[in-house]
Amino acid sequence: MNIKTKTVSLVTAVILGVSAWTSSVHAATFSQIQPYITDYKIGFTDGNKLVTQAIYDDFELSSKNMIVTKGGKKGILDARTGKEITPAIWDYIDIPDSKNIAIVQKGGWFQYIDLKTHKLSTMKFAGAHPYYLSKEQGMAIMFLGKSSMVLHVDGKVLIPPVAGKLSMVELVAPDQTENKEAENVRYFVATTPKELIMYDPASGKKLFALPKAELIPNEGGPDTAYLKVRSGGKEGLIDRNGKYVLEPKYTSIYIWNNGYFQVIGPKGQGLWKDGRMLAEPIYKEVAIEQNTDVYYTVSGDVITYHSRSKGTSHPLKKGAQFLHGSYVLGQDPKTNLYGVVQVGGGTVIPFTYSSVEGPPAARLLVRRDGKKAILPGWDKEVKEPDFWFDSYVTLGSYSMLSIKDGNKIGLYSENEGLVLAPVENRVIRYEEASIQVLVTEPDGKVLRYNSVGKPVETGNPIPLSDDLTKKYEPGKGEMIVDRKTNQPISKLYQSVYMDSDTNLIVAMDHDGADLYTPEGKLLTTEIKVALWKSGNDRPPLTLIKVADSVYTLGVRAENVGMAMTKVDGRQLQVVSDFVYRDANEMIVQNQKIVMTARLDGTQDVWAQEGNQLANKLTSVKGFHTESYFDRVLIQSSTGWDVYSPQLLRLSSGDYQSMKYMHLYDLKTGAIAYQDNKTGLYGLMSLEGKVLTSAKYEAILPTNQVFSQVWSKAEDQLPYVFTTKDQFGYLGQGGQEVFATRFLTKKPVVSYSPITFQAFSAYSDMLRYRPLELIDFGKPYSWPAGGNSESQFFANLALYLNLPKDAGKQVVLSELVSKGIIKADEDRSVMSDEDMFRVAYFMATGKTSQAMTTPQVLEWAQKQGIVPVREGMSYYMTMNLYAEYQHILMTELMRSLKGKKVLKPKVLTTTSLSDAQQQMLTTALIVNGKPANQLPLPLPQAEWQKAIQGLVNQYNKQAAQLLAAYEAKL
0 MNIKTKTVSL VTAVILGVSA WTSSVHAATF SQIQPYITDY KIGFTDGNKL VTQAIYDDFE
60 LSSKNMIVTK GGKKGILDAR TGKEITPAIW DYIDIPDSKN IAIVQKGGWF QYIDLKTHKL
120 STMKFAGAHP YYLSKEQGMA IMFLGKSSMV LHVDGKVLIP PVAGKLSMVE LVAPDQTENK
180 EAENVRYFVA TTPKELIMYD PASGKKLFAL PKAELIPNEG GPDTAYLKVR SGGKEGLIDR
240 NGKYVLEPKY TSIYIWNNGY FQVIGPKGQG LWKDGRMLAE PIYKEVAIEQ NTDVYYTVSG
300 DVITYHSRSK GTSHPLKKGA QFLHGSYVLG QDPKTNLYGV VQVGGGTVIP FTYSSVEGPP
360 AARLLVRRDG KKAILPGWDK EVKEPDFWFD SYVTLGSYSM LSIKDGNKIG LYSENEGLVL
420 APVENRVIRY EEASIQVLVT EPDGKVLRYN SVGKPVETGN PIPLSDDLTK KYEPGKGEMI
480 VDRKTNQPIS KLYQSVYMDS DTNLIVAMDH DGADLYTPEG KLLTTEIKVA LWKSGNDRPP
540 LTLIKVADSV YTLGVRAENV GMAMTKVDGR QLQVVSDFVY RDANEMIVQN QKIVMTARLD
600 GTQDVWAQEG NQLANKLTSV KGFHTESYFD RVLIQSSTGW DVYSPQLLRL SSGDYQSMKY
660 MHLYDLKTGA IAYQDNKTGL YGLMSLEGKV LTSAKYEAIL PTNQVFSQVW SKAEDQLPYV
720 FTTKDQFGYL GQGGQEVFAT RFLTKKPVVS YSPITFQAFS AYSDMLRYRP LELIDFGKPY
780 SWPAGGNSES QFFANLALYL NLPKDAGKQV VLSELVSKGI IKADEDRSVM SDEDMFRVAY
840 FMATGKTSQA MTTPQVLEWA QKQGIVPVRE GMSYYMTMNL YAEYQHILMT ELMRSLKGKK
900 VLKPKVLTTT SLSDAQQQML TTALIVNGKP ANQLPLPLPQ AEWQKAIQGL VNQYNKQAAQ
960 LLAAYEAKL
């Protein structure tokens, strides 16, 4: 059933007084008024008294004024005194450059207020536009209407009211039209019934007046040195001195790039540039070739290409193609045969060819006998062809071609030209795995070329250290080779490289990595280095250098977990039990800290101690640090505390929560701590010293509550606090410097309908985090942080009825044995195809062994489970196994729908997760505003009443919500 909107009182029967007050805390006179909140409205105080009531909905801080919003209308207050300069009656207000002129709008009319005199203009305008003039001149405002004028933002009248239209124009110097970095100079131009007037923008002085002319604007057009004007119904050009450079006798003129102008007259089109009429306006068409001095004219069926600098002309049949540089492929107008000319030069390929072909792969000249030749690509010299062939085949892309001449095969590269002349008994193919072209010569020799036609040297040694090189074998991998003996000292690996930070050689395989010394000693025999398969931009393994030692997580075949290991003195030592699943290194105040996640979900914290990495804290439940915060917040079994970069405990409160609140300079701040018993907050210094007792319901950075003041560090108090009935400010040392009533009347709370159609946050939660709301009948989990690979395989193990800690290899073996995925001894990571085949099995109960890869992908697309991966930012944060977890849970819900296995979890206020609370809060409305948009939280008692009512409503509807979601699967 639908739940109707219900209004609830959040405040007890004791009604707070309606008068605003300030308490007798350490009052201080503020240099400018500061905002406060009462009843979720904004007012302003000078520190000693309330200078306005809390009646505003929003504000915008200017340097000397506040633009306030009330009921959708805007007004202005003096930022020093709070005095009202203009009431909130305007639809729009802007104070350009935070100076002395305010633009105000009501309906369709604009006026201005002089903020020094507080006087409103009597004139009204149809528009108002601020313009930046220059660094020295600042900004000006152009007011438009029947009478138009220009004011500098400091209040000076630059151009008094004129009966006409004003425009702002930008001009470059005549010799700078082809310079993309040329500086534009701005001018104001007025068009009156009698004349066109140009003004100097700095002084407002008239530069010239041109009788009987009007400006034709070039808004957003190319840079130009000239103004288009209309006089007597015809168009012309004038320079910045008001002199005609092109008399007004043309039907129309169009500004093109690089100083060109298309002129149109009664007989046709023409082209003008730099005082020269390059082509009289008599042609059917004129155009320019960008970034060259080439232009062309069209008359009848002939297109003529011209070189402006050399004065040459080259007529061709219409339809010619400009290639690049100054080369043009076309037909001789008399013979219709094809050739190539270089504009400004001469014929480079004679006009003797019967036809042309292409693109896309290439442009081809064709002889009468059908033989073909390739015209060179971009930036290559075009000349008479020196090789001919019958046909071609692309190799991976259009840049590499296999050409066939009779029984002979050759290789052509767009970048390199003819790489291999055609010969018989040669085989050329594209190898997709290596993105290379493989050429098998008649004598059996195999050559490799990259995607631009450069030879790939196989087998040549690549240096690793003074003693070692590596050798690549195509299709097999890389091996380490002794420089002296030139003999391999290792097996083949997928990848081998020298880690410059640790001076160790890393050799990666599908199941882990080996470490070698620069001399070639294998350090990892029974134990290998763990690799991460998250799919994001994280390095594939963690190597932590501490003094002369290197620490990393190691794996051993018989252990599920990983152990911390140390390379010291060219020996590998195990320094912990095999209890970990992940490790993350971070730097705090130049100190290395390593978080190791245990299999049980807890974490250990390691820190540098002398020349060693020591396990300082065990079974840690939570950990937090961030940029510019030179401390560490750590949660133990008893609560949160603050630690130094050396992991020395600085506080001893075992707090319920802690949050670092940085200030504007990002270098200072404090910590808000929450008392374990009362749930109230206090302020703590970065050294762990308690600055205030835990007596506040909330402590937040001021710029989080009032985002409008984020850049005003010198004037702004750092922290806002609330109690059950007070709003106030705290100084950096924790002292209360202002307080006033937070609530004076009952906030009105209502709930949005908890229905499937209206409660969209529910669908979003099930789509991305179903474990928050659904009991699947098995202990599936997805804890925050840690190794997503191990978490995914734990859930997949449960689905396959294996122990949750069975591990990746056991799970993969089970999938292969059931025929769900194909056997692959080199598989090191689940592929998309593997995941889609698992999903197919979950959806149908059948294997997909008979299906090809394209068929599996097509099925996954129809299911809507193919991840959308676009953009570099996505790939830098991509988490492969989090995506696979989403697919797993989606198909699990689909496979179980209608079987009465899925059960909604019963939510309680005492155990709400952050995600559950965020979902529910989207349905909570306070004073007509969504609760998640409030600048400050409700007092705790009222919040508990509100959220309890919401939890009750949700639990009543949970089964129907789940049924509706299942029906959509």
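The sequence shown begins at 0 in numbering that gives the first Met the number 0 and counts up by one.
Glycine included, every Cβ here is placed at the ideal spot set by N, Cα and C.
Note that this is a predicted model, so its numbers are computed, not measured.
For residue i, count neighbouring C-beta atoms within 10 Å of its own C-beta (all shown protein chains included) and say buried if the count is 16 or more, exposed if not.
i, result
"Arg597", "buried"
"Asp864", "Per the sequence shown, the amino acid found at residue 864 is Ile instead of Asp. Ile864 comes out buried."
"Asn794", "buried"
"Met585", "exposed"
"Gln570", "exposed"
"Asn183", "exposed"
"Leu119", "exposed"
"Ile32", "buried"
"Met65", "buried"
"Arg868", "exposed"
"Thr889", "buried"
"Ala172", "exposed"
"Thr843", "exposed"
"Arg740", "buried"
"Lys227", "buried"
Which value, in whole angstroms, describes the spacing of the CA atoms of residue i and residue j?
i, j, result
"Met683", "Tyr880", "39 Å"
"Thr601", "Tyr397", "54 Å"
"Ala957", "Pro903", "6 Å"
"Tyr186", "Arg79", "36 Å"
"Ala53", "Val67", "11 Å"
"Pro200", "Asp45", "40 Å"
"Gly591", "Ala606", "Note that residue 591 is Lys in the sequence shown here, rather than Gly. Roughly 6 Å between the two C-alpha positions."
"Lys105", "Tyr111", "11 Å"
"Ile427", "Glu456", "17 Å"
"Gly220", "Asp77", "41 Å"
Is residue i close to the ligand ADP? I mean its beta-carbon at under 7 Å from any heavy atom of the ligand.
i, result
"Tyr883", "Among the components modelled here there is no ligand, and therefore nothing to report on the ligand ADP."
With DSSP collapsed to three states, give me the class of residue i.
i, result
"His323", "coil"
"Ile886", "helix"
"Thr864", "In the sequence under discussion, the amino acid at residue 864 is Ile, which differs from the Thr named in the question. In this structure, Ile864 counts as coil in the three-state DSSP scheme."
"Gly844", "coil"
"Lys544", "strand"
"Ile479", "strand"
"Phe791", "helix"
"Ala718", "Per the sequence shown, the amino acid found at residue 718 is Tyr instead of Ala. Strand, per DSSP."
"Tyr761", "helix"
"Ala189", "strand"
"Arg836", "helix"
"Leu699", "strand"
"Ser499", "coil"
"Ile488", "coil"
"Ser894", "helix"
"Met918", "helix"
"Val972", "What is shown of the chain runs 0 to 968, which leaves residue 972 out entirely."
"Tyr767", "helix"
Comparing alpha-carbon positions, which option in the options lies nearest residue i?
i, options, result
"Leu60", "Gln341, Lys98 and Lys40", "Lys98"
"Asn548", "Thr516, Leu170, Met507 and Pro769", "Residue identity differs from the one stated: residue 548 is Ser in this sequence, not Asn. Among Thr516, Leu170, Met507 and Pro769, the Cα nearest to that of Ser548 belongs to Thr516."
"Phe142", "Ile102, Pro86 and Glu177", "Ile102"
"Phe755", "Thr852, Tyr839, Gln959 and Lys944", "Gln959"
"Phe705", "Asp57, Phe29, Thr37 and Gly568", "Asp57"
"Gln915", "Arg768, Pro782 and Trp858", "Arg768"
"Asn47", "Tyr35, Tyr39 and Tyr55", "Tyr35"
Is residue i near residue j, with beta carbons less than 8 Å apart?
i, j, result
"Leu679", "Tyr695", "yes"
"His509", "Gln486", "no"
"Lys316", "Asn335", "yes"
"Pro210", "Ser166", "no"
"Ile100", "Ile158", "no"
"Phe726", "Thr37", "yes"
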